[in-house]
Amino acid sequence: MTQIDGQALQVRVVRTLGSRDRQAVAALVTHDVHYEDAFAPAPLVGPEQVADHLALVWAALPDVSFEATGPVLHDGDRIVALPMRLVGNHTEPLGGVPATDRFLHVHGMLVLELDATAHRVHRVHRARLFADRYAASVQLGVLPQAGTVSDRAVRAIQGFGLLRGR
């Protein structure tokens, strides 16, 4: 396997995620790619499922963009970590959450395992996004902001529920 050009791979991944192009997604990943993130209901397998997941994001946040937020970390030839963020306005429903017309910015780390058989173009074999689902939920108004009366009420209800189970 060839050495990773971290910057070039980061540019390619960020460009593909924001491209709204299912074929670009398919070109980035292997035919049996395995993808997981906190926002997907289950692990996704194959370029079609990954593109379907991205299409939901593209539809719900029509102005979405993906941005690199730091240097690429990698082991030299196979494992890569890309710090990035998603930014956009939530103007259409997403995963059961109605449009909120709120601005969303979610920071995350996309960890990739590249195909060991690739010789020229690195393709993603496994991917996992680590992102702050709680912060996204607060930004969209699904959960209350920390420290508010609403937050204390939710915590009290959660605590009561835990005590009732004993």
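Be aware that the sequence shown starts at 210, since it is given in the numbering used here, and climbs by one per residue.
Yeah, the Cβ is synthetic: ideal placement off N, Cα and C, and Gly gets one too.
Per the DSSP calculation, residue 311 is bridged to which residue(s)? 299
Between the alpha carbons of residue 223 and residue 309, how many angstroms are there, rounded? 25 angstroms
Nearest-angstrom Cα separation, counted from residue 245 out to residue 239: 15 angstroms
Length of the line joining the Cα atoms of residue 253 and residue 243: 6 angstroms
Pairing CB atoms from the segment 295 to 306 with CB atoms from the segment 263 to 271, are three or more of them under 8 angstroms? yes
Relative to the C-alpha of residue 319, which residue among 213, 212, 219 is closest? 219
Out of curiosity, what's the CA-to-CA distance linking residue 354 and residue 361? 10 angstroms
In or out: residue 317 buried (at least 16 other Cβ within 10 Å) or exposed? buried
Where do the ends of the beta strand (DSSP E) carrying residue 240 lie? 238 to 246
Does the distance from the C-beta atom of residue 340 to that of residue 315 stay below 8 angstroms? yes
Determine, using beta-carbon pairs with one atom in the segment 251 to 265 and one in the segment 344 to 359, whether at least three such pairs fall under 8 angstroms. no
Buried or exposed by the 16-neighbour rule on C-beta atoms within 10 Å, applied to residue 275: buried
Starting from residue 229, trace the alpha helix (DSSP H) in both directions and tell me its first and last residue. Careful: residue 229 lies outside any alpha helix (DSSP H) and carries neither H nor E.
Beta carbon of residue 212, beta carbon of residue 286: below 8 angstroms? yes
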